[in-house]
Every structure is written in C-alpha cells, then in structure tokens.
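Trainee:
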Amino acid sequence: AIHKKPMGGGLSAVGGNSEYTYYRPSDAKYRGMIQKLYDDIPSLLPAMGLQGEPLPILWTCDYIPKNPDSWPKGPYDRTCPDELTEYTVGEFNCSCVGVSKFQAVCGGEMTLADVSDEDYFDASELTDLMGVKAIEMLSKRR
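For the sequence shown, position 104 matches number 104 in the numbering used here, and the numbering has no gaps at all.
1) Whole angstroms are fine: how far does the CA of P65 sit from the CA of K5?
2) Below 8 Å between beta carbons: does that hold for T79 and Y63?
3) Take N17 as the anchor and find which of I135, Q103, L112, D117 has the nearest alpha-carbon.
4) Mind listing, in chain order, the continuous beta strand (DSSP E) runs of no fewer than 3 residues lying wholly within the segment 30–76?
5) Below 8 Å on the Cβ atoms is my guess for T127 versus V97; work out the distance and round it to an integer in Å.
6) Tell me whether G8 sits in a helix, a strand or coil according to DSSP, three-state version.
7) For the ligand PLP, any of its heavy atoms closer than 7 Å to the Cβ of D39?
Set out below in structure tokens:
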C-alpha cells in the first residue's frame, strides 16, 4: 500500500505533488482495508463484466479517505483518527500503472543508477513477482 499525502497541506496527491509512505499488506494501518479488498474481489470482477477473467498482473486501487458521516467536525476535518477513517474507491487502474519505487528513473536522462539501493530492492521484489505470475498465467494457457 502506498499512502500519497499532498505536499503543502493540499487536498490532492495527483501529479507527483505528494509524499509517499509505503506499507506492506500486513501492516496494521491498512491491513483491514486491504483484506476487505481481497474479500471483495470475487464480487468486483462480475460487477465490472470481468467474471472468469484473471486479475491484471499490475493494477492499482485508489482509495479516497473520508471521515465517517457521524464525525462531528465534518467531512474535511483532519483530526479524525486513523481507526475511524473510512475509505471509498476512487478508481481501479491497469492501463497506466507505474512502479513507484522506480520513480527516480522517470525522465529522459535518468537510468537505474539513479534509483536508491533500497528502492531498487523493493521494486525488483515486485517486478520479479510479476514475472513469476506472468509465467504461471502463460503456463496455464498451454
């Protein structure tokens, strides 16, 4: 899970104007939200007309945090504690997804040498898994 927080107190984390914090699916902060997504996938695919189709190898689900309707300070108050924050899906994306830990490569003159060792390790872990899954999917089609 990647938490993109707008820089400078803004409301939108779109367009690279954000600070990224990375969480593993098992991290307590987002574990419940991620488990809910896993639980919902069997009903989401038919709802999108994709019943019987495999999930894309790389895709994202963008969540928008919101205060509960009962929050007395209103929907935009930023003092609502994490454990009460609710999330709504803003979009699913599989057409133009980036590997966030490879952001340092973005740009005409950038190379993998511009990626920190830590980010390279994390990104490679993800892309290696994608390769394994691609081979599994192709093997099932034979």
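Don't be surprised by glycine CBs; every beta carbon is placed ideally from N, CA and C.
Mentor: The answer reads as follows:
1) As a position in the sequence shown, residue 5 is number 5, starting the count at 1. As a position in the sequence shown, residue 65 is number 65, starting the count at 1. Cα to Cα, K5 sits roughly 11 Å from P65.
2) The sequence position of residue 79 within the sequence shown is 79, counting from 1. The sequence position of residue 63 within the sequence shown is 63, counting from 1. Cβ atoms of T79 and Y63: not closer than 8 Å.
3) Taking the first residue of the sequence shown as position 1, residue 17 is located at position 17. The residue with the shortest Cα to Cα distance from N17 is Q103.
4) 60–66
5) As a working mapping, residue 127 is identified with position 127 in the sequence shown. As a working mapping, residue 97 is identified with position 97 in the sequence shown. At roughly 12 Å, the Cβ-Cβ gap does not stay under 8 Å, so T127 and V97 are not in contact.
6) Here residue 8 refers to the residue found at position 8 when the sequence shown is read from its first residue. Looking at G8 - three-state DSSP - the assignment turns out to be helix.
7) Of ligands this structure carries none, so the ligand PLP is not represented either.
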